[in-house]
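Asks: As given, the protein sequences belong to chains A and B, one line each in that order.
Take the first sequence: its position 141, counted from the start at 1, is 121 in this note's numbering, and no numbers get skipped.
Take the second sequence: its position 7, counted from the start at 1, is -13 in this note's numbering, and no numbers get skipped.
Supplied in structure tokens, the structure appears directly below.
There are 2 protein chains.
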Amino acid sequence: MSPTTETLTAERILEATEEVLRRHGPAKATVVDVARALGVSHGSVYRHFRTKAALREAVTKRWLDRTSQALAGIAADEGRDPEARLRDWLRALFEAKRRKAGHDPELFATYSVLVDESGTVVEEHLAELTAQLTGIVEAGVAAGSLASADPAATAGALFHATGRFHDPCYAGEWKRPEIEGELEAVLDLMLRGLRAPVR
Amino acid sequence: MSPTTETLTAERILEATEEVLRRHGPAKATVVDVARALGVSHGSVYRHFRTKAALREAVTKRWLDRTSQALAGIAADEGRDPEARLRDWLRALFEAKRRKAGHDPELFATYSVLVDESGTVVEEHLAELTAQLTGIVEAGVAAGSLASADPAATAGALFHATGRFHDPCYAGEWKRPEIEGELEAVLDLMLRGLRAPVR
DNA sequence: CGGATGACAGATATTGAAATTTGTCATTCG
DNA sequence: CGAATGACAAATTTCAATATCTGTCATCCG
């Protein structure tokens, strides 16, 4: 069977949708465009995704999951000092978001739309990220190098305090050259507070 | 002379413009509306403000300056513990912004528009706020209760880290009840790091 | 029979002509 | 004379007609 005759799967639709979104952006991409790219009728797309919103969410989920997985590598690296891991993880989060905003502006715009609509996908993404952060803080507490009475709450505070460096509403700021130094200043301030008192 | 015959001053125009903005919002308020509210021709308004944008900025400046002045009171209260002042100042900043967003939504929207356009007025407002913060940090360093090698940089980090609690792009979050606890968590984390090591 | 189709109704977006607004300036008024 | 006016051109917004899109479903096809 040739690729064009391949059966229509959710996966193939997601691939095509991502491409269409990348090309046209969230405002102009239509379900009809996606169907045309696949050489099927738009009705067939609706067999796999109940609404256009669901399709958009599914694409964004895949896209966000790629980031989560990359960061999970840093978070789970049990061998390394938790404090260094925390710094690197937050730096990597910033770099990942910044790269996406610059390199994939249309998909990033799609993501930003979902953030404003506060859908489940974004919520889950943020929950996954804070869970990873919580894991690092817990490791630090276990190793005795970080101090926190409530690692989950601490992780939340870390995440909120670094919003300027990962929240899409600040994407415009990420082009300024001073931004890296600003992240370092915030990291220094927070990690100083997290470090366990020397006994 | 009766009030309606009073001479046309920049101050009277600003007053009328604020009222028109409050009523119609930034999207629908026109210079003609302002002129009508004052009983003059719109040409007269242009004698005092070169463009509509300048008028909008001037109104927003007045409005922002009211916040700055209120906070300056806390910042300058030399008698009190700098750490407590820092906490109170950041809490007051949050409360002030939240109150404006809730109580004066149209003027707040005008302000948000200016933030996105990154005009001089907003820049100056942010500079004034960080200057106040810097002053508190310096007082703490002088008193020996706070540790900072570079109070201005520390103030910048504090301001960025609390963005979630004063930046208009988060205004939607300020209605959630958990928000207060989130601010406290961030404050705790940062102030722990700022406190001078016990010797 | 299960998956794909395309005609269809209602919702949404696009378009371009008309109306309004911005900003200027020659003129008027006190 | 200096401040206010309102006619005006250019830019912007509004609005309604038109076109496109979303989501459904009776029908078709392998």
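C-beta: ideal position from N, C-alpha, C; glycine also.
1. Do PHE74 of chain A and THR110 of chain A come within 8 Å of each other at the CB atom, strictly closer than that value?
2. What residues from the segment 140 to 172 of chain B come within 7 Å of chain A, judged by C-beta to C-beta, listed N to C?
3. Can you pull the chain A neighbours of LEU174 of chain B, defined as C-beta to C-beta under 9 Å?
4. When the cut-off is 8 Å and only beta carbons count, does THR100 of chain B lie next to chain A?
5. Use the C-beta contact count for ARG144 of chain A: other C-beta atoms within 10 angstroms, 16 or more gives buried, fewer gives exposed.
6. So, helix, strand or coil for ALA(-4) of chain A, using DSSP?
7. Report yes if the CB atom of SER125 of chain A is closer than 8 Å to the CB atom of PRO177 of chain A, and no otherwise.
8. Under the DSSP definition of a beta bridge, which residues are partnered with LEU70 of chain A?
9. Identify, in the order they occur along the chain, each residue of the same chain with its Cβ nearer than 8 Å to the Cβ of GLU(-14) of chain B, setting aside the five sequence neighbours on each side.
10. Taking 8 Å as the threshold (C-beta atoms), are GLU86 of chain A and PRO6 of chain A in contact?
11. With distances taken between CB atoms, is the gap from VAL14 of chain B to THR(-3) of chain B smaller than 8 Å?
12. If you run the structure through DSSP and keep just helix, strand and coil, what is SER24 of chain A?
13. I'd like the list of long-range same chain contacts for VAL93 of chain A, defined as Cβ closer than 6 Å, with 5 residues on each side in sequence excluded.
14. Which residues in the same chain have their Cβ closer than 6 Å to the Cβ of TYR91 of chain A, if we skip the five residues on either side of it in sequence?
15. Only counting the same chain, and skipping five residues up and downstream in sequence, which positions put a Cβ closer than 7 Å to that of SER24 of chain A?
16. Which whole-angstrom value is the C-beta distance of LEU247 of chain A and THR142 of chain A, which I expect to be below 8 Å?
17. Please classify ALA(-10) of chain B as buried or exposed, where buried requires at least 16 neighbouring CB atoms within 10 angstroms.
18. To which residues of the same chain is ILE159 of chain B closer than 7 Å at the C-beta, ignoring the five residues directly before and after it?
19. Under 7 Å Cβ to Cβ from ASP68 of chain B, same chain only, skipping five residues before and after it: list those, please.
20. Are any of the Cβ atoms in chain B nearer than 8 Å to that of ALA133 of chain A?
21. Verify whether the separation of the beta carbon atoms of GLY136 of chain A and ALA165 of chain B is less than 8 Å.
22. If we ignore side chains and look at the alpha-carbon of each, how far apart do PHE88 of chain A and HIS28 of chain B end up?
23. Look up THR(-16) of chain A in the DSSP assignment and say whether it is helix, strand or coil.
24. Quick one: list the residues of chain B neighbouring ALA137 of chain A, beta-carbon separation under 8 Å, in chain order.
25. Looking only at its own chain, which residues have a Cβ that is under 6 Å from the Cβ of GLU118 of chain A, when we skip the five neighbours before and after it?
Replies: Concretely, from the data shown:
1. Looking up residue 110 of chain A in the first sequence gives position 130. Looking up residue 74 of chain A in the first sequence gives position 94. Result no, Cβ atoms of THR110 of chain A and PHE74 of chain A do not sit closer than 8 Å.
2. HIS140, ALA141, GLY143, ARG144, CYS149, GLU162, ALA165, VAL166, LEU169, MET170, ARG172
3. For the purposes of this step, residue 174 of chain B is taken as residue 194 along the second sequence, with counting starting at 1. The answer, in chain order, is LEU169, ARG172, GLY173.
4. Taking the first residue of the second sequence as position 1, residue 100 of chain B is located at position 120. Not one chain A Cβ lies under 8 Å of THR100 of chain B.
5. Stepping through the first sequence from its first residue, residue 144 of chain A is reached at position 164. It is buried - the Cβ of ARG144 of chain A has at least 16 other Cβ atoms within 10 Å.
6. Position 16 of the first sequence, counted from the first residue, corresponds to residue -4 of chain A. Note: ALA(-4) of chain A maps to helix in three-state DSSP.
7. In the first sequence, counting from the first residue as 1, residue 125 of chain A sits at position 145. In the first sequence, counting from the first residue as 1, residue 177 of chain A sits at position 197. No, these two residues do not count as a Cβ contact at 8 Å.
8. Taking the first sequence and counting its residues from 1, one reaches residue 70 of chain A at position 90. In the DSSP output, where bridge partners are listed per residue, LEU70 of chain A has none listed.
9. Translated into positions along the second sequence, residue -14 of chain B becomes position 6. Setting aside the 5 residues that flank it on each side, GLU(-14) of chain B is surrounded in the same chain by ARG(-8), each with a C-beta closer than 8 Å to its C-beta; the list follows chain order.
10. For the purposes of this step, residue 6 of chain A is taken as residue 26 along the first sequence, with counting starting at 1. For the purposes of this step, residue 86 of chain A is taken as residue 106 along the first sequence, with counting starting at 1. Taking 8 Å as the Cβ cut-off, PRO6 of chain A and GLU86 of chain A qualify as a contacting pair.
11. For the purposes of this step, residue 14 of chain B is taken as residue 34 along the second sequence, with counting starting at 1. For the purposes of this step, residue -3 of chain B is taken as residue 17 along the second sequence, with counting starting at 1. Against a cut-off of 8 Å, the Cβ pair of THR(-3) of chain B and VAL14 of chain B comes out as a contact.
12. Start at 1 with the first residue of the first sequence, and residue 24 of chain A comes out as number 44. Looking at SER24 of chain A - three-state DSSP - the assignment turns out to be helix.
13. Position 113 of the first sequence, counted from the start, is the residue given in the question as residue 93 of chain A. Excluding positions up to five away in sequence, the list reads PRO6.
14. Locating residue 91 of chain A in the first sequence gives position 111, counting from the first residue. Scanning its chain for C-beta atoms nearer than 6 Å, with the 5 sequence neighbours on each side dropped, one finds around TYR91 of chain A the residues THR40, in chain order.
15. Against the first sequence, residue 24 of chain A aligns to sequence position 44. A distance below 7 Å between beta-carbons, with the five flanking residues on each side excluded, links SER24 of chain A to the following residues of its chain, in chain order: LEU(-12), ALA15.
16. Since the first residue of chain A shown is -19 and the last is 179, residue 247 of chain A is not available in this structure.
17. Looking up residue -10 of chain B in the second sequence gives position 10. The residue in question, ALA(-10) of chain B, is exposed, as its Cβ has fewer than 16 Cβ neighbours within 10 Å.
18. Your numbering for residue 159 of chain B matches position 179 in the second sequence. Closer than 7 Å at the Cβ level, and outside the excluded window around ILE159 of chain B, lie GLU153.
19. Along the second sequence, one-based indexing puts residue 68 of chain B at 88. Contacts found: ILE54.
20. On the first sequence, position 153 is the one that residue 133 of chain A refers to. So, interface residue.
21. Along the first sequence, one-based indexing puts residue 136 of chain A at 156. Along the second sequence, one-based indexing puts residue 165 of chain B at 185. For GLY136 of chain A and ALA165 of chain B, yes; Cβs fall inside 8 Å.
22. Counting from one through the first sequence, the residue named residue 88 of chain A turns up at place 108. Counting from one through the second sequence, the residue named residue 28 of chain B turns up at place 48. Spanning the two alpha carbons is a distance of roughly 43 Å.
23. Looking up residue -16 of chain A in the first sequence gives position 4. Confidence in THR(-16) of chain A is poor, its pLDDT being 46 and thus under 50, which makes the residue's placement unreliable; the coordinate value appears in the next sentence. Residue state, collapsed to three classes: helix.
24. In the first sequence, residue 137 of chain A corresponds to position 157, counting from 1. By Cβ distance, chain B contributes GLU162, ALA165, VAL166, ASP168, LEU169.
25. Stepping through the first sequence from its first residue, residue 118 of chain A is reached at position 138. PRO131.
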